[in-house]
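A.B. asks: Using the numbering used here, the first residue of the sequence shown is number 8, and each one after it goes up by one.
The structure that follows is given in the form of structure tokens.
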Amino acid sequence: MAHGNQNKWGVVIIACMAIFIIVLDSSAMNVAISTLVVELNTTLSIIQSIIALYALIIAAFMLFGSKLQDILGRKKTFFVGLGIYASGTTIATLSINAPMLLLGWAILEGIGAAMILPATTTIVGTAYEGKDRITAFGIWGGIAAMGAAIGPIVGGIFTTFITWRLVFGSELIFVAIILIFRHYVSESKPTLIWKDLDKLGVLLSTVSLVLIVMGILLLTKPEYWPYVTVLLLLGSILFIIFLLWQRRRMNKALEPLSDISLLKNRIFGLGNLNSIIQQIPLAGFLFIIPVFMQQVAKLNAFMTGVALLPASITILIFSLLGAKLSAVLESKYIIMIGFIISAAGTYILGGAFNVNTQIIDIVPGTVVFGIGLLLSQLTNLTMTAARDDQETNASGFLNAFKNLGYSVGTALIGVLLLLGIFTGLTTGIESSGLAGNITKDQIHDSLFNYVEKMQTVPPQIPSELVPQATQIVESTISYSMKQTFNVLTIILILGFITSIFIPKNRKNTD
8 MAHGNQNKWG VVIIACMAIF IIVLDSSAMN VAISTLVVEL NTTLSIIQSI
58 IALYALIIAA FMLFGSKLQD ILGRKKTFFV GLGIYASGTT IATLSINAPM
108 LLLGWAILEG IGAAMILPAT TTIVGTAYEG KDRITAFGIW GGIAAMGAAI
158 GPIVGGIFTT FITWRLVFGS ELIFVAIILI FRHYVSESKP TLIWKDLDKL
208 GVLLSTVSLV LIVMGILLLT KPEYWPYVTV LLLLGSILFI IFLLWQRRRM
258 NKALEPLSDI SLLKNRIFGL GNLNSIIQQI PLAGFLFIIP VFMQQVAKLN
308 AFMTGVALLP ASITILIFSL LGAKLSAVLE SKYIIMIGFI ISAAGTYILG
358 GAFNVNTQII DIVPGTVVFG IGLLLSQLTN LTMTAARDDQ ETNASGFLNA
408 FKNLGYSVGT ALIGVLLLLG IFTGLTTGIE SSGLAGNITK DQIHDSLFNY
458 VEKMQTVPPQ IPSELVPQAT QIVESTISYS MKQTFNVLTI ILILGFITSI
508 FIPKNRKNTD
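What follows is the structure in structure tokens.
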């Protein structure tokens, strides 16, 4: 139970701080893309991969992170995860190149977050009862939404006026505060020993998810295309083997990594599917808007954060209002309406991008998109399908699938944008007569590099051709943005269609 009345909310405040720094990373660093490309001497594709891999590693280790609570106890799991996260954020703060950022941010912070996230759910769930429990989870969800909402503006301020490194560095202050007040977190007795852990299940679930996202990320490089199908196929087969292996362990009365019987529940299965579908456009939106604003509109990180602010505030407000709406309207219908409104937002955005686009031009579309993402509803609906004894497993699955969706979204939508740009560049060069004495391939490679470096290096073509080449690059990016947003609209309509099949939420779910 919570610690007396005086410090009643101490537990939820600690859980919220942990959630806040994890969510902040994803959204704050998107606005720093062009700065990272320059300072770490890397490319757009590599930064895209690091952002996607952060979410992927959280997803890949989430089921293992959930199960660790049964072996180590929730308090120990939470603080071991926090230690790994802190070491990652320190390395990310001091990064001198992309591999160092990958190690600190994507790998170590990702593994740490996968241990922290499920532990916060159970820490809050066991510390409160009745109305206090509902309030605590409301605060917890609101802070998570707030981290995502203010991330772009915080990232923009640090990147433009001080340094992007402070996004990571400032998180160590939160870690220190959590450690000072660690006595609020109560321990749970371990119910399993290491021998009970399904080690093959951990390996299969982790490797399968990594292969699937790596397959999507390799689409940006045409020379790697032969490997893409192999990776996607292998990843999918391994995930099916993982599910069959879980079923076998359960049939033999052995401890599975995850209770896959949950997936047979239609509300839970479709809730997770819709969570993935919802995260793909959100991640794509948060990745490609900063790319456009910095490449074409030539905005700095701070102004890019300002451009994302209306959407962020809207998502925050409506994710909190979603719970109120559910009192008068069935959750299923709120989700269906949400997908349609978001699809209208991405459709409006599709027509908003051209060489002269300013922040004000994208506000209507981003606000409509934000209204549709009723984040709290899918989580609430999906979790109602689990029995009390399945909550840890259900939370692990839901968090894993949401992060997988976010990772796939960054990879897939980023790849679509980059492929559109590179295809458009080839066509633009051929029709412009820019080739002159240089081969078309050389110009294409030069402009390819120019885009990959976020237009921070001059293209290696004669200076008199630079204005025309820049115009080709910028109009190509504008056209590719339109096509990419059309794809996001189709994905959201698919979400609407799948949400039709969600059963009405029965409070007495078995």
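In this text, a Cβ means the ideal position worked out from N, Cα and C, and glycines have one as well.
Return helix, strand or coil for ARG394, following the three-state DSSP convention.
C.D. replies: coil
A.B. asks: On the DSSP letters alone, give me the boundaries of the alpha helix (DSSP H) that LYS339 sits inside.
C.D. replies: 338–357
A.B. asks: According to DSSP, is LYS228 part of a helix, a strand, or is it coil?
C.D. replies: coil
A.B. asks: Just checking: is the beta-carbon of LEU245 within a distance shorter than 8 Å of some beta-carbon in chain B?
C.D. replies: No chain B appears in the structure shown, which is made up of a single protein chain.
A.B. asks: Is the distance from the Cβ of VAL220 to the Cβ of VAL415 below 8 Å?
C.D. replies: yes
A.B. asks: In three-state DSSP terms, what is ILE200?
C.D. replies: Annotated three-state conformation of ILE200 is coil, per DSSP.
A.B. asks: Using 10 angstroms around the beta-carbon of ASP517, count the other beta-carbons present and answer buried if the total reaches 16, otherwise exposed.
C.D. replies: Confidence is the limiting factor: at ASP517 the pLDDT is only 38, short of 50, which leaves the residue's position unreliable and the question unanswerable from this model.
A.B. asks: Hey, ALA126 and ARG189 are a contact pair by Cβ (cut 8 Å); roughly how many whole angstroms apart?
C.D. replies: Not a contact, Cβ separation roughly 13 Å.
A.B. asks: Please classify GLU194 as buried or exposed, where buried requires at least 16 other C-beta atoms within 10 Å of its C-beta.
C.D. replies: exposed
A.B. asks: With DSSP run on the structure shown, which of helix, strand or coil describes LYS305?
C.D. replies: coil
A.B. asks: Indicate whether LEU359 and ILE369 have their beta-carbon atoms separated by less than 8 Å.
C.D. replies: Before going further, note that residue 359 is Ala rather than Leu in the sequence given. Their beta carbons are under 8 Å apart, which means ALA359 touches ILE369 by this criterion.
A.B. asks: LEU60 by DSSP, collapsed to three states: which one?
C.D. replies: Here LEU60 sits in helix by DSSP.
A.B. asks: Could you tell me which of LEU495, ASN279, THR417, LEU426 sits nearest to THR391, measuring between CA atoms?
C.D. replies: ASN279
A.B. asks: Could you compute how far the alpha carbon of GLU481 sits from the alpha carbon of PRO474?
C.D. replies: 11 Å
A.B. asks: State buried or exposed for LEU101, treating a residue as buried only when at least 16 other CB atoms are found within 10 Å of its CB.
C.D. replies: Sixteen is the threshold: since fewer than 16 other Cβ atoms of the shown chains lie within 10 Å of the Cβ of LEU101, the residue is exposed.
A.B. asks: What do you get for ASP203, buried or exposed, if any count of 16 or more other CB atoms within 10 angstroms of its CB means buried?
C.D. replies: exposed
A.B. asks: Contact defined as beta carbons within less than 8 Å: I believe VAL18 pairs with ILE130. What is the distance between those atoms, to the nearest angstrom?
C.D. replies: 6 Å
A.B. asks: Starting from the Cα of LEU289, find the closest Cα among ALA418, ASN258, ILE118, GLY88 and give me that residue.
C.D. replies: Sorting ALA418, ASN258, ILE118, GLY88 by C-alpha distance to the C-alpha of LEU289 places ALA418 at the top.
A.B. asks: What's the gap between the Cα of ILE296 and the Cα of ALA39?
C.D. replies: One C-alpha to the other measures close to 12 Å.
A.B. asks: Whose C-beta lies closer than 7 Å to the C-beta of GLY137 among residues of the same chain, with five residues either side of it excluded?
C.D. replies: none
A.B. asks: Enumerate in chain order the residues of its own chain whose CB-to-CB distance from ALA35 is below 7 Å, with the five nearest sequence positions on each side excluded.
C.D. replies: Around ALA35: GLY158, PRO159, VAL161, GLY162, VAL174.
A.B. asks: What does a CB cutoff of less than 6 Å around LEU109 pick up in its chain, not counting 5 residues either side in sequence?
C.D. replies: Closer than 6 Å at the Cβ level, and outside the excluded window around LEU109, lie ILE57.
A.B. asks: Distance, Cα to Cα, LEU264 vs LYS74?
C.D. replies: 7 Å
A.B. asks: Less than 8 Å between the beta carbons of ILE342 and SER333, yes or no?
C.D. replies: Result no, Cβ atoms of ILE342 and SER333 do not sit closer than 8 Å.
A.B. asks: Would you report the Cα separation of ILE378 and PHE325, rounded to the nearest angstrom?
C.D. replies: 6 Å
A.B. asks: Nearest CA to the CA of GLY291: which residue from LEU216, GLU178, LYS206, LEU356?
C.D. replies: Selected option, being the one with the closest Cα: LEU356.
A.B. asks: Quick check: the segment 21–33 against the segment 264–276, are at least 3 beta-carbon pairs closer than 8 Å?
C.D. replies: no
A.B. asks: Quick one: Cα of PHE429 to Cα of GLN285, how far?
C.D. replies: Cα to Cα, the separation comes out at about 27 Å.
A.B. asks: Consult DSSP for GLY403 and reduce its assignment to one of helix, strand or coil.
C.D. replies: Helix at GLY403.
A.B. asks: Check whether the segment 245–259 touches the segment 229–237, taking contact to mean three or more Cβ pairs, one atom from each stretch, closer than 8 Å.
C.D. replies: no
A.B. asks: To which residues of the same chain is PHE299 closer than 7 Å at the C-beta, ignoring the five residues directly before and after it?
C.D. replies: PHE360, ILE484, MET488
A.B. asks: Counting Cβ pairs closer than 8 Å, one from the segment 393–410 and one from the segment 63–78, do we hit at least three?
C.D. replies: Verdict: yes, contact present.
A.B. asks: Reducing DSSP to helix, strand and coil, say where TRP16 ends up.
C.D. replies: coil
A.B. asks: Just the C-alpha distance for ILE507 and PHE346, rounded to the nearest angstrom, thanks.
C.D. replies: 11 Å
A.B. asks: Return the chain-ordered list of same chain residues with a C-beta closer than 6 Å to the C-beta of LEU518, the five sequence neighbours on each side being excluded.
C.D. replies: No answer is possible for residue 518: it lies beyond the span of the chain, which begins at 8 and ends at 517.
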